[in-house]
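Numbering follows our numbering, with no gaps: position 287 of the sequence shown is 283. First the structure, in the form of structure tokens, and then the observations on it.
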Amino acid sequence: MNRKRWTALAIAAALFVISVLVQAVGVLLSDKAGGWSESWLALMESPFSEEVIAEGDPLKKIAVLEVNGVIQDAGEAESFLSSSQYNHQTFLQMIKQAKEDQNVKAIILHINSPGGGVAESAEIYDQLMKLKKKTNKPIYVSMGAMAASGGYYIAAAGDKIFASPETITGSIGVIMQSVNYEGLAKKYGVELVTIKSGPYKDIMNPARKMTEAEREILQQLINDSYDAFVDVVAKGRKLPEDTVRKLADGRIYDGRQAKALRLVDEFGYLDDAIAALKKEHHLTGAQVVKYVNDAPWSSLFEMVSNRMKPDSEAAGLIRLLSRPSSPRLMYLYAE
-3 MNRKRWTALA IAAALFVISV LVQAVGVLLS DKAGGWSESW LALMESPFSE
47 EVIAEGDPLK KIAVLEVNGV IQDAGEAESF LSSSQYNHQT FLQMIKQAKE
97 DQNVKAIILH INSPGGGVAE SAEIYDQLMK LKKKTNKPIY VSMGAMAASG
147 GYYIAAAGDK IFASPETITG SIGVIMQSVN YEGLAKKYGV ELVTIKSGPY
197 KDIMNPARKM TEAEREILQQ LINDSYDAFV DVVAKGRKLP EDTVRKLADG
247 RIYDGRQAKA LRLVDEFGYL DDAIAALKKE HHLTGAQVVK YVNDAPWSSL
297 FEMVSNRMKP DSEAAGLIRL LSRPSSPRLM YLYAE
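Pasting the structure below:
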């Protein structure tokens, strides 16, 4: 192998070793292990902090919650490998903090995401709706370069949505993908042996063709999740269901189209959303804070990943390691 290939493999191996060590430390910090302080335990649980981005009255705060990257929760390995991007459990803690902090009077949801898991997107939406119901705190949404599929699903919880004319949004729908390598396996004499308890236990087995009965089962799952998505958009945007279904054929829209279709309310960026929230909810002089993920490994991993070329083998290996291994229902704009 050439030098680049060896380098990529070395980086991947190092990341694997570190991830094993992280999990080992987690075991040592568990209640069964004992002997470790609460401060160390808190440090390893991906805490977050408040960063002041606009000075003002700390007793009257606007909290900015950022959704950056693919919305998914694949356990400890994913949390470590994508710590500089989206961390689902940490984001749920941020919502809880914004709900319980009496000084937080309003929330800005800043989204830059192609979407993600069906379950994760629904969980965020449900928690945001519970926050609004319990506290009456307004939620404004600021879309970044992209807020598509699951990114739009969670945006539907907002009272007002801002997007730039160039924002990519929409992609309202559900997708499930897998790779079928049956032909390739036969060509090279590879046979996957499966022992199963029922006819559908290995549904979406990549080594064989899908049956029509299996396709119908999965299509029903897709349809159910799609109906849930349509319902969320119809309620959030106060649009008739049949109107939403016409829009929700999976296509993407830019900000101009989305505004014309009433999927977003105003053109603007984060600063515009903050200014409107202050003006419309009597929050002039409020302090604006951003919740920042302070995962202990995020700075190291971000430094390493940023130094890699996006198309390098090492970067490809990291994406592979952080990707869920099984086909999943996704509210995801798949380019």
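In this text, a Cβ means the ideal position worked out from N, Cα and C, and glycines have one as well. Quick caveat, the model's predicted, so the values are computed rather than measured.
Taking residue i as the reference, which of the options has the closest Cα?
{"i": "D250", "options": "T163, D267, A94 and G147", "result": "T163"}
{"i": "G140", "options": "Y327, I91, L105 and F87", "result": "L105"}
{"i": "I248", "options": "G169, A94, E46 and V228", "result": "G169"}
{"i": "A230", "options": "L243, K95 and N219", "result": "L243"}
{"i": "K128", "options": "N64, D220, I213 and G232", "result": "G232"}
{"i": "R252", "options": "G65, G264, A272 and D69", "result": "G264"}
{"i": "A59", "options": "Q81, F87 and G65", "result": "F87"}
{"i": "N176", "options": "S193, K182, K183 and A203", "result": "A203"}
{"i": "M142", "options": "E47, Y184 and V63", "result": "V63"}
{"i": "L279", "options": "L214, N99 and I67", "result": "N99"}
Just list the residues that DSSP pairs residue i with in beta bridges.
{"i": "F263", "result": "A159"}
{"i": "S167", "result": "S167 pairs with nothing; no bridge assigned."}
{"i": "H277", "result": "BP columns for H277 are empty, so no partner."}
{"i": "A102", "result": "I58"}
{"i": "I67", "result": "G112"}
{"i": "Y287", "result": "E46"}
Could you check if residue i is buried or exposed, using at least 16 other CB atoms within 10 Å of its CB as the buried criterion?
{"i": "Y329", "result": "buried"}
{"i": "A209", "result": "exposed"}
{"i": "V226", "result": "buried"}
{"i": "I150", "result": "buried"}
{"i": "N83", "result": "buried"}
{"i": "Y148", "result": "buried"}
{"i": "A271", "result": "exposed"}
{"i": "Y196", "result": "exposed"}
{"i": "E96", "result": "exposed"}
{"i": "L124", "result": "buried"}
{"i": "A254", "result": "buried"}
{"i": "S45", "result": "exposed"}
{"i": "A94", "result": "buried"}
{"i": "S79", "result": "Unreliable placement is indicated for S79, whose pLDDT of 42 sits below 50; no coordinate value is reported for it."}
{"i": "N132", "result": "exposed"}
{"i": "Y184", "result": "exposed"}
{"i": "S193", "result": "exposed"}
Compute the distance between the beta-carbons of residue i and residue j, then report whether it is under 8 Å.
{"i": "G112", "j": "G146", "result": "yes"}
{"i": "P110", "j": "M200", "result": "no"}
{"i": "K101", "j": "K130", "result": "no"}
{"i": "L325", "j": "V114", "result": "yes"}
{"i": "V284", "j": "I135", "result": "no"}
{"i": "D53", "j": "E116", "result": "no"}
{"i": "A152", "j": "V240", "result": "no"}
{"i": "D198", "j": "T190", "result": "yes"}
{"i": "G65", "j": "Q85", "result": "no"}
Does the segment 147 to 165 come within contact of the segment 256 to 267, defined as at least 3 CB pairs closer than 8 Å? yes
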